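Protein chains in written order, with full-length UniProt numbering: chain A, 1 to 309; chain B, 1 to 417.
Where a beta carbon is used, it is the ideal one built from N, C-alpha and C, also for glycine.
In this text the structure is predicted, and so the values were computed from the model without any measurement.
First the structure, in the form of structure tokens, and then the observations on it.
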């Protein structure tokens with residue numbers, strides 16, 4: 001396979017296994033590039049990319065922007081606080097206005113699930129979903145799998161538990177799809193109030209006991225509790241949440257194996273993981289961030305080469 | 001109005017000519033003669049249509065036309081023309097306009113707008129002032145103006161005591177209270193059915209539980225008050241069970257189901273198409289089957305299109321921001337025939353009239369001519385070109401349908417497509 005089966009990256013559920021393999025192989029090459037003294041290639045000098053962030057983001061936005069610049073694309077940035085969206089303009093109009101300035105590709109983060117799918121039907125540009133509500137965050141899932149592959153050689157057959165606020169998480173859903181596509185076993189673990197009632201139908205194991213989950217897994221992907229998305233308290237206090245679902249060094253040391261600890265960031269130290277865990281050798285959190293740039297370069301490069309056709 | 005309908009097959013189990021192909025002579029708006037062959041010496045308008053079938057006029061208990069206040073969505077005039085051409089001789093109009101229809105004067109206004117149409121418009125008054133759910137509107141006064149029921153469209157009566165009082169009070173004049181089946185605190189910010197599809201799409205779920213709780217609550221209140229209750233647009237399997245039990249206890253309860261809730265499951269949401277954003281949400285196959293079963297055994301009294309025109313500005317947006325609703329009058333019959341026989345589909349479209357104060361005119365000599373003309377056998381893919389409404393937000397675009405109305409003869413008028 002030499003090209004992606006899709007023209008947009010809207011979610012992992014629209015990808016084939018071969019797409020993921022192609023993205024990883026391409027990312028391998030870009031990872032080598034970004035570790036050179038001159039970290040830049042001229043591949044996308046003729047491509048203009050708009051980063052549209054209708055929701056706050058620091059690392060994802062930086063990571064995309066860096067990936068675009070490393071590929072020599074022209075980059076424009078736009079965020080909702082500066083936009084006319086607040087004046088009542090529709091999403092389609094806003095994006096079409098930007099596209100009329102001859103933009104080839106749109107990277108969009110948006111608070112509403114399906115915003116990327118909606119946009120792809122109404123505008124003429126390649127869309128990369130950088131997170132849409134609680135729907136998908138495909139590049140995060142790709143970099144997570146890529147990091148597991150790097151650390152454990154393969155994703156296939158590995159036991160991966162996603163711990164925390166599954167209900168409000170786009171990272172969880174994209175990870176479930178990505179991991180399953182590559183043959184991993186997936187478990188979700190968290191308080192029952194933060195696990196979607198019907199998630200078992202996606203073929204995942206549901207566990208509410210953290211110790212059991214950690215004993216089962218090879219990799220634990222720790223999610224942040226997304227207080228900003230909650231309309232009501234789903235648990236009585238952060239303290240009580242941490243008592244049940246926080247990973248600390250003691251619990252890690254009590255396991256009879258070394259599991260890999262991941263986190264998509266931003267970390268709430270002392271809540272979902274303690275500092276000594278975040279900074280331990282078992283944690284690959286900063287590798288994930290580095291791999292994020294390589295993965296995003298790969299995705300942008302592969303989609304851009306479809307535009308060029 | 002005089003006319004001669006030629007060679008029409010009667011579908012009306014209460015007619016002496018059920019299943020027969022006959023000519024029907026209409027003089028001064030009444031059925032003057034029904035016979036195998038009627039000559040036309042007075043040169044009346046002849047209605048001769050391909051594979052013509054005729055039934056009692058169809059009725060829909062829940063339509064919205066926007067006027068006053070949302071004329072960009074639909075007007076009463078075009079809404080009624082749409083209803084006529086779609087085969088409906090009577091429709092009950094929801095009070096979800098701006099201002100809300102909550103007074104004698106408002107009911108009179110709506111009725112005056114509808115007076116010259118073939119399709120009869122039956123206004124539903126708001127249950128509470130401005131549909132705010134706080135104080136009862138003047139129900140008795142509206143009833144005197146012609147309101148056939150009282151309903152804050154798609155707004156649950158959150159306060160159980162208010163629901164209790166409404167049921168008791170309307171009992172004084174045999175008023176029909178409608179209660180939208182949803183417990184809002186359970187629904188929260190849910191926009192689609194809570195199930196595996198809501199998880200897959202990252203959309204907030206509105207669980208069956210929200211409906212089941214409210215239906216159970218309302219049935220308890222009904223038993224206590226000995227009132228008269230209509231539950232519009234139920235959507236869950238458990239609602240059907242609860243209402244079945246209530247009817248066995250002889251409670252005075254009726255209910256309806258929206259046709260789209262029979263046809264579609266939440267599987268159709270995979271593309272985030274906002275035409276499928278409806279309230280109650282599209283549920284699962286299990287619910288659809290239970291609803292169909294409820295119609296078959298009479299637990300559910302009537303079907304409705306829950307026709308709700310929404311302009312494109314409120315539909316061509318992100319899913320969370322889109323307004324709820326689909327139009328449906330144009331597709332009602334064609335959609336019903338994808339799951340029911342012609343006889344059953346016609347039965348469903350003519351049920352529920354008496355609950356909303358509509359006279360039933362069977363196809364017999366001497367009765368007012370209140371007829372729907374249709375072709376039950378035409379197969380087609382429903383498209384925007386089939387839409388007569390001002391707004392085009394139909395969940396049925398692209399759907400294969402069977403059967404189409406030619407129009408109606410009613411109120412001494414003939415309206416054909």
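Open item on the list: Give me, in chain order, the residues of the same chain whose beta-carbon lies closer than 8 Å to that of residue 248(A); leave out the 5 immediate sequence neighbours on both sides.
Closed with: The beta carbon of residue 248(A) is closer than 8 Å to those of 273, 274, 276, 277 in its chain, skipping five residues each way along the sequence.
Task: For residue 110(B), the first and last residue of its enclosing alpha helix (DSSP H) - done: Unbroken alpha helix (DSSP H) run through residue 110(B): 104–114.
Task: Residue span of the beta strand (DSSP E) that contains residue 123(B), given as start and end - done: For residue 123(B), the uninterrupted beta strand (DSSP E) run begins and ends at 120–125, by DSSP.
Open item on the list: Which same chain residues end up closer than 8 Å to residue 166(A) when comparing Cβ atoms and leaving out the 5 residues on each side of it in sequence?
Closed with: Same-chain partners within the cutoff: 172, 188, 190, 194, 195, 196, 199, 223.
Open item on the list: Counting only Cβ pairs nearer than 9 Å, list the residues of chain A close to residue 320(B).
Closed with: In chain order: 111, 112, 113, 114, 115, 133.
Task: Exposure of residue 298(B), with buried meaning 16 or more beta-carbon neighbours within 10 Å - done: The Cβ neighbour count for residue 298(B), taken over all protein chains shown within 10 Å, is under 16; the residue is labelled exposed.
Open item on the list: Taking the straight line between their C-alpha atoms, what separation do you get for residue 112(B) and residue 119(B)?
Closed with: Distance from the CA atom of residue 112(B) to the CA atom of residue 119(B), rounded to whole angstroms, is 13 Å.
- [ ] Using a Cβ cut-off of 8 Å, pull out every chain B residue sitting near residue 173(A), in sequence order please.
- [x] Simply 199, 200, 202.
Task: Interface flag, residue 195(B) vs chain A, CB-CB below 7 Å - done: Cβ-Cβ to chain A under 7 Å: yes for residue 195(B).
TODO: Starting from the beta carbon of residue 272(B), find every residue of chain A whose beta carbon is closer than 8 Å, and list them in chain order.
DONE: Here the neighbours are 113, 114, 117, 118.
TODO: For residue 180(A), collect the residues of the same chain with a Cβ closer than 7 Å to its Cβ; drop the 5 residues on either side in sequence, then sort them by chain order.
DONE: Result list for residue 180(A): 186, 203, in chain order.
Task: Reduced DSSP category for residue 422(B) - H, G, I as helix; E, B as strand; rest coil - done: Nothing about residue 422(B) can be read from this structure; chain B reaches only from 1 to 417.
Open item on the list: Check for me: the beta strand (DSSP E) holding residue 230(B) runs from which residue to which?
Closed with: Per DSSP, residue 230(B) belongs to the beta strand (DSSP E) from 229–231.
Task: alpha helix (DSSP H) runs wholly inside the region 36–61 of chain B, at least 4 long, in chain order - done: Within the region 36–61 of chain B, no complete alpha helix (DSSP H) run reaches 4 residues.
TODO: Closer than 6 Å by C-beta to residue 78(B): which residues in its own chain qualify, once you throw out the five before and the five after it? Chain order, please.
DONE: The residues 390, in chain order, have a CB closer than 6 Å to that of residue 78(B) in the same chain once the five nearest residues on each side in sequence are set aside.
TODO: Could you check how far apart the C-beta atoms of residue 52(B) and residue 8(B) are, in whole angstroms? I think they sit under 8 Å.
DONE: The C-beta distance from residue 52(B) to residue 8(B) rounds to 4 Å, short enough to meet the 8 Å contact threshold.
Open item on the list: Looking at chain B, is there any beta carbon in it that lies within less than 7 Å of the beta carbon of residue 199(A)?
Closed with: So yes, residue 199(A) belongs to the interface.
TODO: Enumerate, from N- to C-terminal direction, the unbroken beta strand (DSSP E) stretches of 3 or more residues contained entirely within the region 256–323 of chain B.
DONE: Fully enclosed beta strand (DSSP E) runs of 3 or longer: 302–304.
Open item on the list: So, with DSSP's three-state summary, where would you put residue 243(B)?
Closed with: If DSSP states are grouped into helix, strand and coil, residue 243(B) belongs with the helices.
TODO: Within its chain, find whatever has a CB closer than 8 Å to the CB of residue 69(A); leave out the 5 residues flanking it on each side and keep chain order.
DONE: Within the same chain, Cβ atoms closer than 8 Å to the Cβ of residue 69(A) are found at 40, 75, the five residues on either side in sequence being excluded.
Task: Neighbourhood of residue 280(A) by C-beta, 8 Å cutoff - its chain only, sequence neighbours within 5 removed - done: Within the same chain, residue 280(A) has close Cβ partners 249, 252, 261.
- [ ] Answer yes or no: does any C-beta atom of chain B fall closer than 7 Å to that of residue 196(A)?
- [x] For residue 196(A), the nearest beta carbon of chain B is closer than 7 Å to its own beta carbon.
Task: Neighbourhood of residue 349(B) by C-beta distance below 6 Å, restricted to the same chain and skipping five residues each side - done: Taking C-beta separations shorter than 6 Å and ignoring five residues to either side along the sequence, the partners of residue 349(B) in its chain run 58, following chain order.
Task: Residue nearest to residue 188(B) in terms of C-alpha spacing, selected from 178(B), 239(B), 86(B), 156(B) - done: Among 178(B), 239(B), 86(B), 156(B), the Cα nearest to that of residue 188(B) is on 156(B).
TODO: Report the partner residues of residue 381(B) according to the DSSP bridge assignment.
DONE: In DSSP, residue 381(B) forms a bridge with 400(B).
Open item on the list: Count Cβ pairs between the region 295–307 of chain A and the region 338–346 of chain B that sit closer than 8 Å; are there 3 or more?
Closed with: The way I'd put it, the region 295–307 of chain A doesn't touch the region 338–346 of chain B; fewer than three beta-carbon pairs between them come closer than 8 Å.
Task: Assigned exposure category for residue 148(B) - 16 Cβ within 10 Å defines buried - done: Residue 148(B) comes out buried.
Open item on the list: Quick check on this structure: which residue in 6(B), 40(B), 56(B), 24(B) has the alpha carbon closest to the alpha carbon of residue 14(B)?
Closed with: Nearest to residue 14(B) by alpha-carbon distance, out of 6(B), 40(B), 56(B), 24(B), is 56(B).
Task: Endpoints, the alpha helix (DSSP H) within which residue 199(A) is located - done: Neither: residue 199(A) is in no alpha helix (DSSP H) and is coded neither H nor E.
TODO: Would you decide whether residue 20(A) is buried or exposed? Buried here means 16 or more other CB atoms lie within 10 Å of its CB.
DONE: With 16 or more other Cβ atoms within 10 Å, it is buried.
- [ ] Mind checking the region 390–409 of chain B against chain A and listing, in chain order, the residues whose C-beta falls within less than 8 Å of any C-beta there?
- [x] Using a CB distance below 8 Å, no part of the region 390–409 of chain B faces chain A.
Task: Residues within the region 355–387 of chain B neighbouring chain A, beta-carbon criterion of under 7 Å - done: Along the region 355–387 of chain B, there is no position whose C-beta sits under 7 Å from a C-beta of chain A.
Task: Continuous beta strand (DSSP E) stretch holding residue 128(A): start and end - done: Note, residue 128(A): beta strand (DSSP E), 126–132.
TODO: Could you tell me the distance, in whole angstroms, from the CA atom of residue 266(A) to the CA atom of residue 192(A)?
DONE: Roughly 23 Å between the two C-alpha positions.
TODO: Could you tell me the distance, in whole angstroms, from the CA atom of residue 49(B) to the CA atom of residue 375(B)?
DONE: Looking at the two C-alpha atoms, the distance is approximately 9 Å.
- [ ] Run the CB neighbour count on residue 243(A), radius 10 Å, all protein chains shown included, and call it buried at 16 or more, exposed below.
- [x] Sixteen is the threshold: since fewer than 16 other Cβ atoms of the shown chains lie within 10 Å of the Cβ of residue 243(A), the residue is exposed.
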